[in-house]
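If you're matching them up, the sequences are chains E and Y in order. Under the numbering used here, think of the first position of the first sequence as 1, with each following residue one higher. Under the numbering used here, think of the first position of the second sequence as 1, with each following residue one higher. Below: one structure, written as structure tokens.
2 protein chains.
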Amino acid sequence: MRVTADDVAEAAGVSRAMVSRAFTEGAPIAARKRAHVLAVAEKLGYRPNRIARGLTGSQTGLIALVVGSVSRPYEAWLLETLSREIRQARNWPLLLQVQPGDELDNALEDALAYQVDGAIVAAGSVSPALAERCRASGAPLVMVGRVMPEGDTDAVCCDNRLGLELLVEHLTARGHTRLAWIGGTPETFSNIERQDGLLQALDRRGMKLLAARQGDYSVDSGLAQALTLLTAPEKPDAILCGNDAMALGAIAAARRLGLSVPGDIAITGFDDIPAAAWEPYQLTTVRNPVVETARAALRLLKQRISGTGQLDSEAPTGMPHQTQVVRLAPELVQRQSA
Amino acid sequence: MRVTADDVAEAAGVSRAMVSRAFTEGAPIAARKRAHVLAVAEKLGYRPNRIARGLTGSQTGLIALVVGSVSRPYEAWLLETLSREIRQARNWPLLLQVQPGDELDNALEDALAYQVDGAIVAAGSVSPALAERCRASGAPLVMVGRVMPEGDTDAVCCDNRLGLELLVEHLTARGHTRLAWIGGTPETFSNIERQDGLLQALDRRGMKLLAARQGDYSVDSGLAQALTLLTAPEKPDAILCGNDAMALGAIAAARRLGLSVPGDIAITGFDDIPAAAWEPYQLTTVRNPVVETARAALRLLKQRISGTGQLDSEAPTGMPHQTQVVRLAPELVQRQSA
DNA sequence: CTGAAAGCGCTTACAG
DNA sequence: CTGAAAGCGCTTACAG
Chain E
1 MRVTADDVAE
11 AAGVSRAMVS
21 RAFTEGAPIA
31 ARKRAHVLAV
41 AEKLGYRPNR
51 IARGLTGSQT
61 GLIALVVGSV
71 SRPYEAWLLE
81 TLSREIRQAR
91 NWPLLLQVQP
101 GDELDNALED
111 ALAYQVDGAI
121 VAAGSVSPAL
131 AERCRASGAP
141 LVMVGRVMPE
151 GDTDAVCCDN
161 RLGLELLVEH
171 LTARGHTRLA
181 WIGGTPETFS
191 NIERQDGLLQ
201 ALDRRGMKLL
211 AARQGDYSVD
221 SGLAQALTLL
231 TAPEKPDAIL
241 CGNDAMALGA
251 IAAARRLGLS
261 VPGDIAITGF
271 DDIPAAAWEP
281 YQLTTVRNPV
291 VETARAALRL
301 LKQRISGTGQ
311 LDSEAPTGMP
321 HQTQVVRLAP
331 ELVQRQSA
Chain Y
1 MRVTADDVAE
11 AAGVSRAMVS
21 RAFTEGAPIA
31 ARKRAHVLAV
41 AEKLGYRPNR
51 IARGLTGSQT
61 GLIALVVGSV
71 SRPYEAWLLE
81 TLSREIRQAR
91 NWPLLLQVQP
101 GDELDNALED
111 ALAYQVDGAI
121 VAAGSVSPAL
131 AERCRASGAP
141 LVMVGRVMPE
151 GDTDAVCCDN
161 RLGLELLVEH
171 LTARGHTRLA
181 WIGGTPETFS
191 NIERQDGLLQ
201 ALDRRGMKLL
211 AARQGDYSVD
221 SGLAQALTLL
231 TAPEKPDAIL
241 CGNDAMALGA
251 IAAARRLGLS
261 VPGDIAITGF
271 DDIPAAAWEP
281 YQLTTVRNPV
291 VETARAALRL
301 LKQRISGTGQ
311 LDSEAPTGMP
321 HQTQVVRLAP
331 ELVQRQSA
């Protein structure tokens with residue numbers, strides 16, 4: 001019922017191997033024969049069965065894409081960009097969306113059963129054991145937004161500390177001295193780095209944090225924590241937030257209290273999500289270079305895939321399996337809120 | 001190198017067929033033998049190769065999931081829900097994110113080459129020819145949020161007209177008489193239905209629309225169009241927006257002009273995205289039942305998949321291939337903005 | 001450059 | 001319930 005390579009072979013008067021070659025870039029086949037086979041295939045409506053191809057060949061073209069809850073703007077933006085880059089690389093993303101508490105190992109193991117060519121993990125955390133299993137299964141792993149403590153997994157990640165340095169520099173240059181901090185989800189890699197970056201930046205200037213609160217990267221938590229900060233006896237003159245979503249909440253809090261931003265209180269975020277540029281926010285923040293991040297992740301992955309795929313012609317100039325960690329620099333985006 | 005069914009068979013002292021059966025629900029195998037095989041498999045770290053399984057069996061477990069740009073909140077929410085339901089059904093989503101202008105046919109054809117068991121299309125439009133090809137390839141198609149004019153494709157969709165009836169009823173009950181409309185992307189199925197629903201609702205009441213503008217479902221377009229409406233000589237006392245995002249923009253516009261919401265101007269949305277409940281919006285809107293939509297879509301798909309999969313034992317009580325269109329009723333969600 | 005053959009790792013009739 | 005065998009639709013050495 002379905003048209004197969006054999007049908008095309010017969011119709012084109014060639015062997016089945018030749019139709020396979022016609023569809024394989026760089027395969028040995030005469031140019032005009034390829035054209036002919038392709039034409040016949042087209043007429044018959046033939047497309048190579050990717051599943052069969054995956055069983056036989058070394059690649060399925062599938063890439064596991066693990067992202068966090070896309071109802072969060074930053075995550076959505078990242079997913080959008082990563083999925084676009086994956087498709088551009090002529091691969092297909094097998095989507096795995098994880099919720100905060102989700103166990104990742106089991107699901108990734110599941111993806112491995114699909115013989116994915118690799119995995120990009122932008123959420124959740126992968127146990128070292130599973131990372132090892134991925135490698136062993138020939139599915140290289142690239143972490144996004146987080147560097148594994150073991151240091152043996154490729155990763156691409158924003159320079160969070162630099163981001164806070166830029167923000168502190170901006171605020172202090174404008175005369176702010178009473179800085180407060182609303183951190184994101186505690187044990188989170190990004191939160192740890194950002195908070196640390198903030199403290200270092202203050203330290204360098206001989207300053208101290210006025211107050212620190214803990215949110216969970218959601219708009220609502222930013223609102224709640226900012227409300228507390230802004231009604232405390234010792235009021236800050238600037239609030240740095242662990243991400244943009246919380247900063248939007250903080251702006252709403254300030255307005256609810258009748259405070260003007262940045263007149264009475266300056267507010268900054270982190271990421272530069274699309275909403276940061278919206279009315280009525282106009283958030284001053286630091287740009288998390290998502291597109292560059294996605295590209296770098298795919299580059300690393302592709303590198304690994306071709307590196308492990310054909311061990312034969314690999315003349316390892318460098319150490320073949322040296323871990324690569326790409327750190328991308330954020331940039332200050334100055335708008336109205338600070 | 002990878003552990004295969006043969007390895008497990010040997011280690012467990014059974015035939016390869018038995019290990020296959022151990023992993024197939026409902027396959028003929030003695031209960032204790034299955035337990036034994038599974039135990040051995042576990043010890044060896046064996047998982048059936050889904051690709052091989054897909055080649056041989058009738059299902060790959062893959063489902064093509066087509067969604068629009070997830071940087072839009074409603075789309076993100078829908079994606080999140082659909083992907084969760086797909087995983088819950090023990091399938092994997094092959095993600096296809098389409099941008100507004102994207103051609104869908106080619107990409108879906110691509111997905112077909114992966115022998116997807118079905119496709120859920122929540123964005124873009126599918127040509128009748130491709131819909132037919134999906135069916136022919138044994139990959140049933142379910143549209144979400146849109147009913148194909150040909151009427152031969154399963155679909156699940158919100159009752160858009162009812163949604164606008166609810167909103168108009170709410171507004172008129174509160175004394176609003178000068179209603180304006182900001183529509184979404186023109187040729188869009190949802191926009192056509194919503195606008196039509198609005199006009200019908202007004203008609204029933206012998207009312208006329210004061211003014212109508214056209215946005216593109218984005219926050220910014222809502223802001224821009226509302227600005228125009230609110231600075232016109234004939235000012236409306238309520239603005240209905242084609243979706244929540246535009247309504248958020250409209251609220252920002254009102255505030256920018258120093259108008260109070262809903263005191264000076266009432267504003268409504270459509271969808272009830274998470275942000276609708278946020279400060280400082282508190283948007284009165286109509287709930288687009290996303291979870292129910294996702295569930296219904298999966299139910300329809302599963303029905304088709306099992307229906308076409310085993311033609312043998314199918315005793316078609318009803319017409320087996322009658323198109324099913326599920327219309328889900330929206331509900332009014334009253335908050336502060338109207 | 002080309003074809004015949006083997007094989008990828010499973011599942012599923014087919015016979016017990 | 002169980003096993004031996006055929007086959008899913010390709011790709012890739014292998015030999016020309």
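Glycine included, each C-beta is placed from N, C-alpha and C at the ideal position. Remember, it's a predicted structure, so these values are computed and weren't measured experimentally.
Whether residue i touches residue j by CB criterion (7 Å)
i: E/Gln115; j: E/Ile182; result: no
i: E/Ala139; j: E/Gly124; result: no
i: Y/Ala297; j: Y/Val126; result: no
i: Y/Leu257; j: Y/Val219; result: no
i: E/Leu300; j: E/Val142; result: yes
i: E/Thr293; j: E/Leu328; result: yes
i: Y/Val67; j: Y/Leu79; result: yes
i: Y/Asp110; j: Y/Gln324; result: no
i: E/Val326; j: E/Val156; result: yes
i: E/Gly163; j: E/Phe270; result: yes
i: E/Pro330; j: E/Val286; result: yes
i: E/Ala180; j: E/Leu223; result: no
i: E/Pro76; j: Y/Ser71; result: It should be noted that the sequence gives Ala, not Pro, for residue 76 of chain E. Cβ distance < 7 Å, so E/Ala76 and Y/Ser71 count as in contact.
i: Y/Pro262; j: E/Ala252; result: no
i: Y/Ala5; j: Y/Arg21; result: no
Spatial distance of residue i from residue j (CA atoms)
i: Y/Leu209; j: Y/Asp159; result: 21 Å
i: E/Leu108; j: Y/Ala266; result: 48 Å
i: E/Val121; j: Y/Pro128; result: 37 Å
i: E/Leu62; j: E/Asp244; result: 32 Å
i: Y/Gln282; j: Y/Arg304; result: 41 Å
i: Y/Val37; j: E/Leu199; result: 56 Å
i: Y/Arg255; j: Y/His170; result: 22 Å
i: E/Gly184; j: E/Met246; result: 8 Å
i: Y/Asn191; j: Y/Pro93; result: 28 Å
Assigned secondary structure, residue i (DSSP; H/G/I helix, E/B strand, else coil)
i: E/Glu165; result: helix
i: Y/Arg2; result: coil
i: E/Arg327; result: strand
i: E/Met207; result: coil
i: Y/Ala113; result: coil
i: E/Gly118; result: strand
i: Y/Ile86; result: helix
i: Y/Ile265; result: coil
i: E/Pro186; result: coil
i: Y/Arg255; result: helix
i: Y/Leu79; result: helix
i: E/Thr293; result: helix
i: E/Leu283; result: coil
i: Y/Leu104; result: coil
i: Y/Gln334; result: coil
i: Y/Met148; result: coil
Chain-ordered chain Y contacts of residue i [CB-CB under 8 Å]
i: E/Val3; result: What E/Val3 touches in chain Y: nothing, since even the nearest Cβ is about 10 Å away.
i: E/Asn91; result: Chain Y residues near E/Asn91: none, gap ~11 Å exceeds 8 Å.
i: E/Val261; result: By Cβ distance, chain Y contributes nothing, its closest Cβ being about 12 Å from E/Val261, past 8 Å.
Interface residues of chain Y facing residue i [CB-CB closer than 9 Å]
i: E/Thr60; result: Ile51, Tyr114
i: E/Glu279; result: Val219, Asp220, Leu223, Gly249, Ala252, Ala253, Arg255, Arg256
Assigned exposure category for residue i - 16 Cβ within 10 Å defines buried
i: E/Gln195; result: buried
i: E/Val19; result: buried
i: Y/Ala276; result: buried
i: Y/Thr231; result: exposed
i: E/Gly151; result: exposed
Cross-chain neighbours of residue i in chain E, by beta carbon under 9 Å
i: Y/Arg47; result: Glu109, Asp110, Leu112, Ala113
i: Y/Arg135; result: The contacting residues do not exist; Y/Arg135 stays about 12 Å from chain E at best.
i: Y/Leu94; result: Leu62, Trp92, Pro93, Leu94, Leu95
i: Y/Ser83; result: Val70, Leu95, Leu96, Gln97
Under 7 Å by beta carbon: chain E residues contacting residue i
i: Y/Pro274; result: Ser71
i: Y/Glu80; result: Ser69, Val70, Ser71, Gln97
i: Y/Ala76; result: Val70, Ser71, Ala76
Amino acids of chain Y, ordered along the chain, whose beta-carbon sits closer than 7 Å to that of residue i
i: E/Gly54; result: Ile51
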